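Colleague: Residue 8 is where the sequence shown starts when you use this note's numbering, and the numbers rise one by one after that. Note that CB positions come from ideal geometry on N, CA and C, so glycine has one too. Note that the structure is a prediction, hence the values are computed from the model and not measured.
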Amino acid sequence: MMRPQPLGQLLRWALGHRSDELQTTSYKPVMVAGLGNHTFPGTRHSVGMAVLNHLASKLDVADQWKRDKRCCADMVVAHLGEAELLLMKPRKFMNLNGISLATAAEKYNLNIEDIYLVHDDLDKPLGKISLKLGGSARGHNGVRSCISCLHSDVSLNFVFRSLPYTLLNGRSLTEILHHSSQAYLG
């Protein structure tokens, strides 16, 4: 079954609109996982989690995060267009994020193509968003962990790049992402 709109377009649209402009209807669940080191917020490796926090805020579910002990992750359900999103922030170190992802995929009966990753990429300019269908981890240990634990490289990945917190000139990672996404989204 094909989605009426590609999820990437919906997510990009949501990041640029107010929550009261978003439609809410149910659809087959899709998981969006923000990779990172949960104990090191504000670093480039935590950009996936920061983006999910921003997305949760845009979708009016920022105060509904729940810890899922089985998945070892913080989870929240949101609706975007016709898609039901399971937003996930693993509570493991980057190199082990795949364990949380695979457990959640099993628990929620998700197919590989229903899983999207949000992560940093040093080869991209700050705030640049790109979609990648499958492929290698390109040296990213969090993505490598996900590929290994899911036994597949077939997944759509949102790729973000960030800088270490010390290089952000005193601005928060959330502020940097907000301005970067606004510039990208027009």
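Smallest Cα separation from V83: which of R151, L157 and Y115?
Modeller: Y115
Colleague: Out of G55, K73, M38 and D130, point me to the one whose CA is closest to G149's CA.
Modeller: G55
Colleague: Where does S162 sit, in a helix, a strand or coil, going by DSSP?
Modeller: Legend: pLDDT at S162 = 49, less than 50; position of this residue unreliable, value from coordinates given subsequently. In this structure, S162 counts as coil in the three-state DSSP scheme.
Colleague: Around the C-beta of T46, are 16 or more other C-beta atoms found within 10 angstroms, so that it is buried, or is it exposed?
Modeller: exposed
Colleague: Does DSSP put E89 in a helix, a strand or coil?
Modeller: coil
Colleague: With a threshold of 8 Å between beta carbons, is P97 in contact with chain D?
Modeller: Among the chains in the structure shown there is no chain D, since it carries only a single protein chain.
Colleague: Taking C-alpha atoms, which residue in M95, H52, R51 and N104 lies nearest to S152?
Modeller: N104
Colleague: I'd like to know whether the C-beta atoms of V58 and A85 end up nearer to each other than 8 Å.
Modeller: Between V58 and A85, the gap from beta carbon to beta carbon reaches 8 Å or more.
Colleague: Express the C-alpha separation of A63 and P36 in angstroms, rounding to a whole number.
Modeller: 16 Å
Colleague: The beta strand (DSSP E) spanning H126 covers which residue range?
Modeller: Note, H126: beta strand (DSSP E), I122 to D127.
Colleague: Secondary structure at L66, three-state DSSP: helix, strand or coil?
Modeller: coil
Colleague: Could you round the C-beta distance between A111 and C156 to whole angstroms and report it? I think they count as a contact, below 8 Å.
Modeller: So it is not a contact: roughly 11 Å between Cβ atoms.
Colleague: By the 10 Å Cβ neighbour count, where 16 or more other Cβ atoms means buried, how is D121 classified, buried or exposed?
Modeller: buried
Colleague: Which of the three DSSP states, helix, strand or coil, is assigned to K73?
Modeller: strand
Colleague: Taking L87 as the reference, which of A40, Y123, L66 and R51 has the closest Cα?
Modeller: L66
Colleague: What residue range does the alpha helix (DSSP H) around G49 cover?
Modeller: Here G49 belongs to no alpha helix (DSSP H), and DSSP marks it neither H nor E.
Colleague: Tell me whether K99 sits in a helix, a strand or coil according to DSSP, three-state version.
Modeller: coil
Colleague: Could you check where the alpha helix (DSSP H) with G4 kicks off and where it finishes?
Modeller: What the structure shows of the chain is the stretch from 8 to 193, and residue 4 is not part of that stretch, so it cannot be assessed.
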